[in-house]
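Contents: one structure, followed by commentary.
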Amino acid sequence: MSDFEHVFEKPPEGAAADWTIPQNWRAYTEVEHQTWDTLYARQMNILPGRAADVFLRGLEALDLNTGGIPDFGLMNAKLQALTGWTVVCVPGLVPDEVFFDHLANRRFPSGQFIRKPDQLDSLQEPDIFHDVFGHVPMLTDPDFAAYMQAYGQGGQRAAGLGMLPNLARLYWYTVEFGLVQDPDGLRIYGAGIVSSATESVFALEDSSPNRLGFELERVMRTLYRIDDFQQVYFVIDSIEQLKRETLQDFGPIYQRQNGAEAIAIDAILPTDKVYTRGTQAYAGKGGRFAA
Ligand code: PHE
Ligand code: FE
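Residue numbers (the working numbering): 35 to 325.
Here is the structure:
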């Protein structure tokens, strides 16, 4: 999504017309492979009991812990057999229409680089650990796989209608920062959470953020923050619910939302199903808000 700067206007040198670049797996250094292993081990200490079952099963199915950065050739063989998705490398953030076109064709664009060992927790742009560890396990689930493809198709439409901010909020509060009510309790499945050691704990256990039931139109009107932990997380009942609700025609929703005011990031509405009424103690330090 275009919440980061440095989006190029045309494919940079060395990239194909669809903006993809080779992974060039052999060129990763020992230090880069070790960075992957460190991040992987760190998350595996935190995620059992916190990450959604569907995420943990997907991670296992992909077998990404064989030592170092996954080789996309091997990973894609497994992923494609499961849901028809593949992962392609791109040179950083790509324009919205390129991103949507990849998703609509069941291709997930991933960064090729990995963060530096002295910056394990700060990311200017999504790297291969965020993109692969965070996003790809969910793509092994047939319902989530269908949701992501439909999102790509829906993106083209929303862009044409000037409704991208509304659709982007849906992505943000599900794909990146979603929570799900599993049989054993609240769990995390959003890639931005499960790939972050600190937010994995904060999103579930901190008393600051609100945790509210997912309601499609409500979510599509809610502002979000891109600079820090979220102030509100939305809880789905199941991935199947997410797929079912988003299959509907968004035309009437866009009509209602066109020109409608956005909902404040810390608002709790009378219609909300409240899992946690947060103190918002952590927030309030200022920060940038996406429209
Ligand atoms: N159903 C949406 C539409 O009609 C498309 C969509 C599907 C959007 C899934 C997001 C996720 O535009
Ligand atoms: Fe992401």
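Backbone N, C-alpha and C fix where the C-beta goes; we use that ideal spot for every residue, glycine too.
Check                                                                                                                                                                      : Outcome
What number of angstroms, rounded off, separates the C-alpha of Ile-227 from the C-alpha of Leu-238?                                                                       : 10 Å
Could you tell me which of Trp-59, Asn-200, Tyr-205, Tyr-309 sits nearest to Ile-240, measuring between CA atoms?                                                          : Residue identity check: residue 240 is Asp in the sequence provided, not Ile. Cα-wise, what sits closest to Asp-240 is Tyr-309.
Taking 7 Å as the cut-off, is the beta-carbon of Ala-184 closer than that to any non-hydrogen atom of the ligand PHE?                                                      : yes
Measure how close the beta-carbons of Pro-171 and Leu-96 come, nearest whole angstrom, since I'm counting them as under 8 Å.                                               : 6 Å
Shortest alpha-carbon distance to Gln-291 belongs to which of Gly-196, Phe-211, Gln-275, Gln-114?                                                                          : Gly-196
Please report the straight-line C-alpha distance between Asn-110 and Ala-301, rounded to a whole angstrom.                                                                 : 41 Å
Answer yes or no: the CB of Gln-187 versus the heavy atoms of the ligand PHE, is any distance below 7 Å?                                                                   : yes
My guess is that Ile-55 and Val-124 are in contact by the Cβ rule of under 8 Å, so how many angstroms apart are they, rounded?                                             : 7 Å
DSSP on Ser-144, reduced to helix/strand/coil?                                                                                                                             : strand
Is Arg-84 near the ligand NAP - that is, is its Cβ less than 7 Å away from at least one heavy atom of it?                                                                  : Of the ligands one can find in the structure shown, namely the ligand PHE and the ligand FE, none is the ligand NAP.
Go to Gln-187, then tell me how far its alpha helix (DSSP H) extends in each direction, as first and last residue.                                                         : 176 to 195
Find out if the Cβ-Cβ distance for the pair Thr-232, Asp-155 is shorter than 8 Å.                                                                                          : yes
Please indicate yes or no: does the CB of Gly-126 lie closer than 7 Å to some heavy atom of the ligand FE?                                                                 : no
Which of the three DSSP states is assigned to Arg-259 in this structure?                                                                                                   : strand
Can you tell me whether DSSP reads Leu-201 as helix, strand or coil?                                                                                                       : helix
Nearest-angstrom Cα distance between Arg-140 and Leu-201?                                                                                                                  : 18 Å
Let's see if you can read the secondary structure: which residues bound the beta strand (DSSP E) around Gly-247?                                                           : 244 to 247
Can you list, in chain order, the residues of its chain with a C-beta nearer than 8 Å to that of Leu-281? Leave out the 5 residues immediately preceding and following it. : Ala-184
For Asp-306, collect the residues of the same chain with a Cβ closer than 6 Å to its Cβ; drop the 5 residues on either side in sequence, then sort them by chain order.    : Leu-246
If I measure Cβ to Cβ from Tyr-288 and keep anything under 6 Å in the same chain, skipping five residues before and after, which residues do I get?                        : Leu-195, Met-197
Going straight from the alpha carbon of Leu-116 to that of Ala-315, what length do you get?                                                                                : 43 Å
Ends of the alpha helix (DSSP H) at Asp-71?                                                                                                                                : 64 to 80
Between which two residues does the beta strand (DSSP E) holding Gly-219 run?                                                                                              : 219 to 222
How long is the line joining the alpha carbons of Trp-70 and Gln-146, rounded to whole angstroms?                                                                          : 12 Å
Please look up how many angstroms separate the CB atoms of Val-269 and Leu-204, rounded, as I've assumed it's under 8 Å.                                                   : Not confirmed; about 14 Å, so no contact.
For Lys-44, is the classification buried or exposed, using 16 other Cβ atoms within 10 angstroms of its Cβ as the cut-off for buried?                                      : exposed
Could you work out which residue in Val-235, Tyr-267, Ala-85, Ile-273 is closest to Gly-312 when comparing CA atoms only?                                                  : Tyr-267
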